[in-house]
Each structure stands twice: as structure tokens, then as C-alpha cells.
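In the order they appear, the protein sequences are chains A and B.
Counting the first sequence from 1 gives a position; the working numbering is that position plus 7.
Counting the second sequence from 1 gives a position; the working numbering is that position plus 841.
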Amino acid sequence: MRIVDLATADQDFIAEVEARSHQNLRTCYQCGNCTAGCPYTFVYDHSVSQVMRLIQLGQRDAVLQCKSIWLCGSCQSCTTRCPNRIDVAKVMDVCRHMAREQGYATEREVKLFADAFLRSVERHGRAFELGLMADYVLHSGRVFTDADLAPKALARRKLPFRPHTVVGRDQIERIFQRFRKGGAHV
Amino acid sequence: MSKVAYYPGCSGQGTSLEYDRSTRAVCAAVGLELVDVPDWSCCGSSPAHTVNHVLSAALSARNLDLAHSLGLDVVATPCPSCLTNLRNAALEMEDEAFRDTVNALLDRPCAGRVDPQSVLQVLVEQVGVDEVARRVTRPLTGLRVACYYGCIMNRPPERMRFDDHENPMAMDRLMEAAGAEVAPFPLKVECCGASFGVPRGDIVARLSGKLLDAARGLGVDAVVTACPLCQMNLDLRQSQINAALREHFRIPVFYYTQLLGLALDVPRSELGLDRLCVDPRLALGKIKAPAPVR
Ligand code: SF4
Ligand code: SF4
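Listed below in C-alpha cells is the structure:
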């Protein structure tokens, strides 16, 4: 179990999460509505209301190194049901952005899948499923991912063999390039 | 005749080709003209917004700009995930500073405004349930279904601005118009496990398994969806769910446009029923010999 040291609140961390999510996190009074509706609590290490509390307490490491922020499905239940109108799902998203930027990936496969997806979009302009699965398998080493489904999907022509390339795909490549120039790494 | 820009989304070209096809056929059958967004690109789906909101908005903004160039006010998409990204981008770009950062990533700044809506919304609001009902020639009498909207079609309500966020009814009403019996489905906005199928199949097995279990409990012949990801999790992955949970679900999962197409007597070849993984024949057999209405 991680010990939370309440004496060391990282004020910069609190301010950054607030600024990037445009949410006033101080209004969270820990009613637990977000957690009650969150379908992913069974795989979380900190429930979503605990994540909110840890942010309020300025616990940068505990938040950015938790698994929950990678496992949030962005289902918007928390945002929809928060009595204080906090966009909780956006806060989870922002924490994941910050974790990524600082090199954490406590759910490696989740990160690798997102990376493979975006590489596919950067390359073709659209997501190319077969290609991105191959890319994911290559990077994750999980050779048998969904191998059981492949025959079914292929028989129903659900996996085209060729990407649908966009005419203006260099425009999309440039979106990524400019984004990286701003210091981001995707 | 109503006319809207149409953004099919990537899955419509592969895993959910039958959704795109049946959507086009149904819209044509009810007199809704879809004009394809020229050279549209991927909206970034969930991976983009989990990486960065500016990147995500930029990928959507290129498409909003292309849609705007058609001179239409509404861009409709069948996919709730595309819808969320397009809507988020459109709303967030009302903020000037945000719009400038997004535009800085684009070759051509995103001009003008266009309102992203789901095809479901356009069907209900621009065509109307009564008009759809009027055009039904082969009612689905005898078929009992549960309508599953997925988590993000209507949530959060301030952003999606359509239907009810806890108990949406648009699809229910369309299915009733098509002559089906609709069971009240308490989990209609619960999450199916979203895009975790590949990296964390255990999550999808648990969450989608819960949905299938609830549907079975209602004694329905089929589940009806409006989301390519939900459909894939519930249908293509139903065998994985059965293996993981030691279950024996055999519940076909249709797109609402496939069933609507049947009722509107759209040619079967447009509906792609053969692309469903769980065999739909038993369910379709429940439909009483369809007597032409008129
Ligand atoms: S629902 Fe809102 S106020 Fe309640 S615990 Fe969650 S974030 Fe805090
Ligand atoms: S958006 Fe994420 S944190 Fe919020 S309820 Fe859904 S899965 Fe849980």
C-alpha cells in the first residue's frame, strides 16, 4: 500500500490539473457519486473519487502513477452525475496526458494500443485495423491478441487488407509533426 | 427533403461496413439526403483525446472545415465516438485561444461553424418518428428487442444536447415505429468496455457480459445498437465473453439501421445481415409473415 504524506501537497500539480482541465477541483466534496456510477472501479487501484481527493491533496506521484487513469473508459458517467458539475472524465483525461508526458505508463498495453492507433492515423489519414493490430502485436509482443477472432472477422470481411488512404494524408502527417514540434511526444 | 453532410468514420469502412451501408440505405428510404464530407480523415477516436485535447481537436477540426465547405449546417455521423470528438472540438473551439492553438496545427484554419449530430438525432428530429412509421411496409411484428445506446451517445447532456441522458428513447421509438416490441432496458447507457477489447479483454468480457446477461433476462430476441464499438464488443467478442465467463450467450446484435431497413423494405444486400457474427436467423424468424401494409 502506498502511504500518502499529507504534509507534502504539491501545489503546482494541483494548479496544473486545474488549469489544463478548466475545472475547479476544490468544489469536490467527496460525495462518491462519480465512483458509484463508474463501471471500471473493479479494475481501478484508486476509485475515481479517490483520484479526485489525491489531486486535491497534491499527490502528484500517487495520481500519475496510478492505474486508474489509464483504465478509465471515458464513459462520462462521473461527469454526468457530479452534483458540482465537475467534468471528472476530463480530469481523468488530463491526468493521463500528464502521466504520458512524464513517461509513466502503468498500463503498458493500453498505452501501446493508443500509440499504434495514432501511428496508423498519422500514416494513412484513417485508422487501418489490420495494420494497427500488426503494429500493436509488434510493440507489445502479445502475439496471440485476438487470434481467435481473426477467422471470424476475415470471413465477414470486417478487416480490409488495404488501408483507405486519404488524399490529403500529408495534411494529417503535418498535424502530428507540428504537434511534436510543440514539444509533445506521440 | 432534408440534406446534411455525412461523416462515415473509419469503422464504417471495415468492422462496421454494414452500419454505414444500412445507414445510407435507410436515409435514402426516408428522404434524408447525405452528402459525404470530401476526403474526410480519422477524428482520432479515443486514443487522440487520451493523449492531448489540442491534437484531438485538430484531427476533428480538419473534418469540420471540410464539412463546412459543403455549405450545410449539420454534419451527421453514425458513430457516437466520432460524434463525441467532433462535438467536443466544435464546442471547445468556440473559445478563441483554444481555436488558435488548434488552427496552428492545421494547414488551413477551420472556418465557420457546423453542428455535429448523430444520424439518429437527424432521423428523429429532421425526418420524424411518425414519418418513418408512415413509410414502414414490412413491420417487425413479433420481434422483441432491447435498445442499447452505449455510454457516450447522450452524455454528458450539456455537450450532447439530444434525448435523455439516463433514459434515451430515440432508438426505442424508431424500433417501435418499425413494428418491433421494445423491452425497457435498464442498462441502455452503461459502458460496454469501450476500446479496451485489445489491450484488456477482461474488462470487455465483464462489462459486455453484464449487458448480455441483462438482455437475456428480459427475454429479448436481439439487442439493437447505434455504436460500432458496442456492436463489436457484444457481437464479435460474444464468443470471448462466453469463454471468459463460462456463459452461453447467443444474442444477435443488430444496428438499428439494419432492422429499420428491413421494415422499410430496403434491399437485403444493403443491410449486411451476413456480416453479423452471432447468427441472426433465429431472431429474424420471429418476425411474423410480413404483410404489406398498403
Ligand atoms: S461526484 Fe463530483 S463532488 Fe462527488 S466525489 Fe465525484 S468529483 Fe467529487
Ligand atoms: S469516465 Fe472514467 S472515471 Fe468516469 S465513470 Fe467513466 S470510466 Fe469511471
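C-beta atoms are modelled at their ideal positions from N, C-alpha and C, and glycine is treated no differently.
query: Would you mind reading off the limits of the beta strand (DSSP E) that contains Gln37/A?; result: It is not in any beta strand (DSSP E) - Gln37/A carries neither H nor E in the DSSP assignment.
query: Consult DSSP for Pro167/A and reduce its assignment to one of helix, strand or coil.; result: coil
query: Look up Ala974/B in the DSSP assignment and say whether it is helix, strand or coil.; result: helix
query: For Gly953/B, I'd like the list of residues in its chain whose CB is within less than 6 Å of its CB, leaving aside the five on either flank, ordered along the chain.; result: His909
query: Please tell me whether Ile179/A has its Cβ less than 9 Å away from any Cβ of chain B.; result: yes
query: Determine the direct distance from the alpha carbon of His1006/B to that of Glu1202/B, and round the result to whole angstroms.; result: This structure cannot speak to residue 1202/B, because chain B is shown only from 842 to 1135.
query: Can you name the residues that DSSP bridges to Cys988/B?; result: Val1065/B
query: Which residues in chain C have a C-beta closer than 9 Å to the C-beta of Tyr143/A? List them in chain order.; result: You won't find chain C in this structure, because its protein chains are A and B.
query: Find the residues of chain B that neighbour His146/A, judging by a C-beta separation of less than 8 Å, and give them in chain order.; result: What His146/A touches in chain B: nothing, since even the nearest Cβ is about 11 Å away.
query: Over the uninterrupted beta strand (DSSP E) stretch that includes Val845/B, give me the two end residues.; result: 843-847
query: Alpha carbon to alpha carbon, what distance is there between Thr978/B and Arg1135/B?; result: A caution first: Arg1135/B carries a pLDDT of 49, below 50, which makes its placement in the model unreliable, though a value can still be read off. Going from the Cα of Arg1135/B to the Cα of Thr978/B covers about 7 Å.
query: Measuring only between beta-carbons, confirm whether Leu156/A sits less than 9 Å from chain B.; result: yes
query: Which residues share a DSSP beta bridge with Glu1022/B?; result: Arg985/B
query: For Gly1102/B, return the contacting residues in chain A, with the cut-off set at a CB-CB distance below 7 Å.; result: Going along chain A, no residue has its Cβ under 7 Å from Gly1102/B, so there is no contact; the nearest lies around 18 Å.
query: I want to verify the contact list: residues of chain B whose CB lies under 7 Å from the CB of Pro46/A, in sequence order.; result: Glu1031, Cys1032, Leu1048
query: Name the DSSP beta bridge partners of Phe1095/B, please?; result: Val1065/B
query: Of all Cβ atoms in chain B, is any one closer than 9 Å to the Cβ of Ile182/A?; result: yes
query: Say yes only if the C-beta of Met99/A is nearer than 8 Å to one or more non-hydrogen atoms of ligand 1, and no if none qualify.; result: no
query: In or out: Lys788/B buried (at least 16 other Cβ within 10 Å) or exposed?; result: The shown model of chain B, from 842 to 1135, leaves out residue 788/B, and the question about it has no answer.
query: With C-beta atoms as the reference, is Arg1014/B less than 9 Å away from Val1061/B?; result: no
query: Using the Cα positions of Pro1027/B and Arg164/A, report the straight-line distance between them to the nearest angstrom.; result: 33 Å
query: Check whether the Cβ of Cys35/A lies closer than 8 Å to any heavy atom of ligand 1, and answer yes or no.; result: yes
query: Which class does Ala14/A belong to by DSSP, given the choice of helix, strand or coil?; result: coil
query: What does Gln83/A reach in chain B if we use C-beta pairs closer than 8 Å?; result: Cys992, Ile993, Arg996, Pro997
query: Taking any Cβ of chain A, which residues in the region 874-891 of chain B have a Cβ under 8 Å from it, in chain order?; result: Asp880, Trp881, Ser882, Cys883, Gly885, Ser886, Ser887, Pro888, Ala889, His890, Thr891
query: Starting from the C-beta of Ser959/B, find all residues in its chain whose C-beta is less than 6 Å away, skip the five residues before and the five after it, and write them out in chain order.; result: Leu924
query: When DSSP labels each residue in this structure, what does Asp956/B get in the three-state scheme?; result: strand
query: Would you kindly work out how many angstroms separate the C-alpha atoms of His53/A and Cys73/A, rounded to a whole number?; result: 7 Å
query: Measuring alpha carbon to alpha carbon, tell me which residue in Gly850/B, Asp861/B, Asn926/B, Cys992/B is nearest Ser1049/B.; result: Cys992/B
query: Could you run through the region 151-175 of chain A and flag, in chain order, every residue whose CB is less than 8 Å away from some CB of chain B?; result: Thr152, Asp153, Asp155, Leu156, Lys159, Ala160, Arg163, Arg164, Lys165, Leu166, Pro167, His171, Val173, Val174, Gly175
query: Tell whether a beta-carbon distance below 9 Å holds between Leu1100/B and Ala1021/B.; result: yes
query: Measure the C-alpha to C-alpha separation of His171/A and Pro849/B and round it to an integer number of angstroms.; result: 13 Å
query: From Asp122/A to Phe1090/B, what distance separates their C-alpha atoms?; result: 33 Å
query: Give the list of continuous alpha helix (DSSP H) stretches no shorter than 4 residues that lie fully inside the region 33-85 of chain A.; result: 40-44, 55-63, 67-71, 75-78
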